[in-house]
Ligand SMILES: Cc1ncc(COP(=O)(O)O)c(C=O)c1O
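In the working numbering, the protein residues as written are 31 to 493.
What follows is the structure, encoded as structure tokens:
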């Protein structure tokens with residue numbers, strides 16, 4: 031048995047993978063990586079078009095980040111954040127306060143995005159019990175349909191994707207879910223330029239009815255990632271901020287995917303000049319290297335938690351590895367590289383390059399729509415050219431396209447039939463060309479094959 035075969039057998043037997051049907055799982059084992067390139071144990075080398083699940087920010091084996099982790103390793107690998115501190119966690123909190131919108135200053139660390147959202151929910155809940163004019167009846171949350179905020183029970187409760195959460199619904203707490211503010215789902219009578227107002231009116235109606243009971247609105251600003259990179263209409267986020275202020279409700283923004291330049295600005299909130307009451311960060315925070323996430327609050331919220339230990343005002347929450355020094359050192363090196371390399375300033379040219387490929391892709395008969403913000407993009411397929419009709423789910427067209435791109439040296443991962451492109455920000459223009467061309471060819475081949483299969487199928491299903 032080859033070494034790969036042995037590893038693959040153990041992988042299949044012992045390693046229960048995330049969001050993976052193990053009966054269908056075919057081992058693909060990463061061996062090493064460099065820049066935007068991943069290499070597996072079978073000698074395949076491929077471009078990481080999804081930033082290793084939306085988190086690798088500046089490429090793999092980045093010398094600055096590698097070096098910072100090694101240096102920190104010689105100091106201390108872990109110390110607790112319960113009543114104690116460590117040097118990189120302090121410095122990182124200070125730097126995050128500097129770059130975060132508005133007066134967000136107080137950083138509560140976690141190890142993953144779901145936990146950062148849990149912290150935000152608990153903070154909002156507790157804040158209303160002990161703020162200057164307590165409102166303990168404010169215990170409810172408003173979230174968006176198709177939202178994804180993580181897999182823990184609290185973060186899943188504010189999530190809205192049935193295929194992830196449906197089975198757990200008896201375990202989840204009740205949340206008001208508003209329709210996804212997706213401009214494609216506007217009634218025909220509403221013009222596109224009124225999309226934000228249309229969806230904001232739904233929020234306003236709910237707030238007018240329930241604001242006395244609502245602790246916070248939770249959303250992914252600008253882009254609902256796991257929903258299929260659904261883009262909100264311009265002005266929606268700012269409108270939500272205005273309404274939440276007007277109705278005295280907190281705003282929690284989950285920038286776990288959109289943070290750190292992916293949309294072209296440091297944070298998605300920056301596009302609409304919005305400062306949330308609680309900002310959740312994760313994924314790219316450590317450059318996509320080590321588990322690290324955070325919920326950041328302004329003084330007004332933070333101060334509601336101050337008092338003697340006996341006062342009962344402490345936020346009774348924490349994770350063993352929150353503020354881990356190695357992860358914080360990686361995050362500091364990431365911020366340093368982002369700023370020193372002026373990475374965000376390099377993005378317009380890269381976004382433009384990606385956009386020119388998307389224009390070609392949009393010409394393909396089975397592409398209904400392309401969307402892009404910065405270096406996040408999505409391609410929507412249609413079974414019927416000129417319309418917007420999904421392929422039959424069993425054809426697994428998105429997965430077939432990604433198999434095709436893989437054979438051309440590009441790894442992508444679809445969200446069903448939405449192709450998602452979210453490469454590390456360090457990707458070069460040439461690498462973007464490779465990605466764009468591979469995707470264009472792959473969509474063309476796989477959608478034509480799927481259309482032929484569908485037309486010869488005796489009982490076609492276009493559901
Ligand atoms: C918007 C958003 N929030 C939260 C999470 C959960 O983060 P984690 O997987 O680190 O728990 C994700 C994960 O993809 C996400 O997309």
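All residues carry an ideal CB built from backbone N, CA and C; glycine is no exception.
Short check: CB of residue i to CB of residue j, under 9 Å?
i: residue 416; j: residue 447; result: no
i: residue 187; j: residue 202; result: yes
i: residue 206; j: residue 240; result: yes
i: residue 453; j: residue 96; result: no
i: residue 141; j: residue 182; result: no
i: residue 191; j: residue 130; result: no
i: residue 368; j: residue 291; result: yes
i: residue 455; j: residue 377; result: yes
i: residue 91; j: residue 65; result: yes
i: residue 249; j: residue 279; result: no
i: residue 42; j: residue 31; result: no
i: residue 14; j: residue 310; result: Look at the range of the chain in this structure, 31 to 493, and you will see that residue 14 is not part of it.
i: residue 323; j: residue 99; result: no
i: residue 293; j: residue 403; result: yes
i: residue 464; j: residue 125; result: no
i: residue 405; j: residue 381; result: yes
i: residue 276; j: residue 304; result: no
i: residue 113; j: residue 147; result: no
i: residue 308; j: residue 153; result: yes
i: residue 57; j: residue 355; result: no
i: residue 306; j: residue 68; result: no
i: residue 242; j: residue 167; result: yes
i: residue 430; j: residue 441; result: no
i: residue 317; j: residue 462; result: no
i: residue 264; j: residue 231; result: no
For residue i, write down the residues that DSSP places opposite it in a beta bridge.
i: residue 194; result: For residue 194, which the question treats as bridged, DSSP gives no partner whatsoever.
i: residue 139; result: 324
i: residue 411; result: 397
i: residue 76; result: 68
i: residue 254; result: 260
i: residue 284; result: 310
Can you tell me whether residue i is helix, strand or coil according to DSSP?
i: residue 292; result: coil
i: residue 403; result: strand
i: residue 31; result: coil
i: residue 56; result: coil
i: residue 474; result: helix
i: residue 235; result: helix
i: residue 67; result: strand
i: residue 297; result: coil
i: residue 442; result: coil
i: residue 247; result: strand
i: residue 229; result: helix
i: residue 223; result: helix
i: residue 450; result: strand
i: residue 491; result: Low per-residue confidence applies at residue 491: pLDDT is 39, beneath 50, and the placement is therefore not dependable enough to give any value.
i: residue 90; result: strand
i: residue 62; result: strand
i: residue 171; result: strand
i: residue 207; result: strand
i: residue 358; result: helix
i: residue 265; result: coil
i: residue 40; result: helix
i: residue 183; result: helix
i: residue 95; result: helix
i: residue 178; result: coil
i: residue 277; result: coil
i: residue 212; result: coil
i: residue 436; result: helix
i: residue 50; result: coil
i: residue 365; result: helix
i: residue 202; result: coil
i: residue 457; result: coil
i: residue 101; result: helix
i: residue 387; result: helix
i: residue 164; result: coil
i: residue 382; result: helix
i: residue 426; result: coil
i: residue 371; result: coil
i: residue 497; result: For the chain, the structure presents residues 31 to 493; residue 497 sits outside this window and is missing.
i: residue 107; result: coil
i: residue 417; result: coil
Ligand 3 and residue i: does the residue's C-beta get closer than 8 Å to at least one heavy atom of that ligand?
i: residue 347; result: As presented, the structure is devoid of ligand 3, carrying ligand 1 as its sole ligands.
Can you find a C-beta in chain B that's less than 9 Å from the C-beta of residue i?
i: residue 231; result: Of the chains in the structure shown, none is chain B; there is only one protein chain.
Inside the stretch 300-355 only - beta strand (DSSP E) runs reaching at least 3 residues: The qualifying runs are 308-311, 323-327.
Sequence ranges, beta strand (DSSP E) only - wholly within the stretch 111-140, length at least 3: Listed in chain order, they are 136-140.
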